[in-house]
Every structure is written in C-alpha cells, then in structure tokens.
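First comes the structure, then the notes that go with it.
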Amino acid sequence: EGFGGLVDKFKANNIDGTELLRLTKETLASELSIDSVGLRSKLLRKVEELKDDSVCSGIPDEFLCPITRELMREPVIAADGYSYEREAIESWVDTKNRSSPMTNLPLLTTLLTPNHTLKMAISRWKTSQ
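Just so it is clear: in the sequence shown, position 124 is 124 by UniProt numbering, and no numbers are missing.
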C-alpha cells in the first residue's frame, strides 16, 4: 500500500492539510487502520518535511546550513568556527579538499563539535511556530 491508497481514507475521514499535520502514529494505526508500520513511518516523515518546508520562508538565517540553505537538524561547529549541518559539512570535506565553505581557507582539522546551543535554539523556534 502506497501513499496513493491513502487518499480515499483521508477523504472519507475529512482529513485536510491542517488535520494531516496533526496525525500521530496512534491515529494512523487505530482510527485510520493503516496497519503497515513502514507506511505510517514514511507518512509521518513526509509530514515532518512538510512542516519544515512550511516554515522555511520565516526561518532565521542563522538556523540555515550555509551549504544546503536548509534548516539544520544536527548542527556542528567546524574548524573555521562556522556551524553547518553535520551531513553537509562531512560531504563537503570528503569532496572539496578540506577547505572551509565560508572562507575557502584550509580546515586545519576535520573534527566537528556538536552545536547544542544552536540545536536547542532551533528546537525552541520550531515549537513556537
């Protein structure tokens, strides 16, 4: 069963975009009878992506990865002192000769430090939206 099969269920239960954003695993399983754990997980991931996309226009610039320009989920601090999305900077370092995406200077180390403060600020901001 793919997402296409869910359209009829959503229509029958009057689930519009607003309701879709409020769905939980429990609702999908019990009230909508979506038995497939995989399908429920995929749907909830897509809903989270939609939530992220819907707030993109008002995202504070410091919450966006300088490489991807997307909201950071796992911000890390690189040797150049800038924060990046972990996956993006790891990929950058692997393919771009270990230079800083912001300054173009060599990164003296590839050690990445989790930016817990930025992650908490992003989380608080997302909750307030």
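Virtual Cβ for every residue (Gly too), placed ideally from N, Cα, C. Owing to the predicted nature of the structure, the values given are computational and were not obtained by experimental measurement.
1) On a Cα-Cα basis, can you pick out the residue from Ile77, Asn13 and Gly38 that is closest to Phe3?
2) How should Val7 be labelled, buried or exposed, when 16 other C-beta atoms within 10 angstroms of its C-beta is the threshold for buried?
3) Please classify Leu105: is it buried, with 16 or more other beta-carbons within 10 angstroms of its beta-carbon, or exposed?
4) Beta strand (DSSP E) containing Glu85: first to last residue?
5) Please list, in chain order, all residues of the same chain as Ala29 whose beta carbon is under 8 angstroms from its beta carbon, the five residues on each side excluded.
6) For a cutoff of 7 angstroms on Cβ pairs, would you count Ile15 as touching chain C?
Let me lay it out:
1) Your numbering for residue 3 matches position 3 in the sequence shown. That would be Gly38, whose Cα lies nearest to the Cα of Phe3.
2) For the purposes of this step, residue 7 is identified with residue 7 of the sequence shown, where counting begins at 1. So Val7 ends up on the exposed side.
3) For the purposes of this step, residue 105 is taken as residue 105 along the sequence shown, with counting starting at 1. Looking at its Cβ environment, which holds fewer than 16 other Cβ atoms inside 10 Å, Leu105 is exposed.
4) For the purposes of this step, residue 85 is identified with residue 85 of the sequence shown, where counting begins at 1. That run of the beta strand (DSSP E) goes Ser83 to Glu85.
5) To locate residue 29, count along the sequence shown from 1; it is residue 29. Excluding positions up to five away in sequence, the list reads Asp35 and Arg40.
6) No chain C is part of this structure, which consists of one protein chain only.
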